[in-house]
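Just so we're on the same page, my numbering is the position in the sequence shown counted from 1, plus 2. Quick reminder that beta carbons are idealized off the backbone N, C-alpha and C, glycines included. Below: the structure, in structure tokens.
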Amino acid sequence: MVTPEALLVIIRHAPHSSNLLREGLDAALVAAAFGQPVHLLFMGQGIMALLKEQGSGAPGQKATLPTIDMLEMYDIDQLWVPEGALQSMQISADSLVENATLIADQQITGLFQQHATILNF
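Here it is in structure tokens:
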């Protein structure tokens, strides 16, 4: 359920391509730690962060999947993925983590309208 005070964090970058994915997840975790409801929308290359099978990054880079698995402990249980992004990247829904929820591309505008605060990474 979406509440107007919830923070929407949009993740657009793949694991290991930059620090933006990690920064987005960190921002979500900090907000949730302070009691703010947080929802995540993974778009474009960002949906690769939700793959069950992820390759490792460069030496010294932390893996993202353990952080994704930890989100539920912070009551971050809305992980949305647009269906069109999966289709364009030829990724099946079965290859995503269990708590990822597919949404129709037409619903994205509604998500933006339902959140007063949106962070884009």
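For residue i versus residue j, is the C-beta spacing smaller than 8 Å?
i    : j    : result
L9   : H15  : no
V83  : F123 : no
L42  : Q80  : yes
L121 : A29  : yes
D107 : G86  : yes
S90  : K54  : no
G2   : I13  : Outside the shown range of the chain (3 to 123) lies residue 2, about which nothing can therefore be said.
Keeping to the same chain, check which residues put their C-beta closer than 6 Å to that of residue i; ignore five residues upstream and five downstream.
i   : result
P39 : T5, A8
L27 : T69
Take residue i and list the residues in its own chain whose beta-carbon comes closer than 8 Å to its own, dropping the five residues that flank it on each side.
i   : result
I78 : A30, L31, A34, V40, H41, L42
Tell me which same chain residues have a C-beta within less than 7 Å of the C-beta of residue i, skipping the five on either side of it?
i    : result
A95  : L88, L104
M50  : A16, P17
Y76  : L31, A34, A35
N101 : E74, D79, L81
Which residue or residues does DSSP assign as beta-bridge partners of residue i?
i    : result
Q80  : H41
A102 : L81
V11  : L42, L121
L53  : L98
Would the beta-carbon of residue i be found less than 7 Å away from any heavy atom of the ligand ADP?
i   : result
P68 : This structure lacks the ligand ADP; in fact it carries no ligand of any kind.
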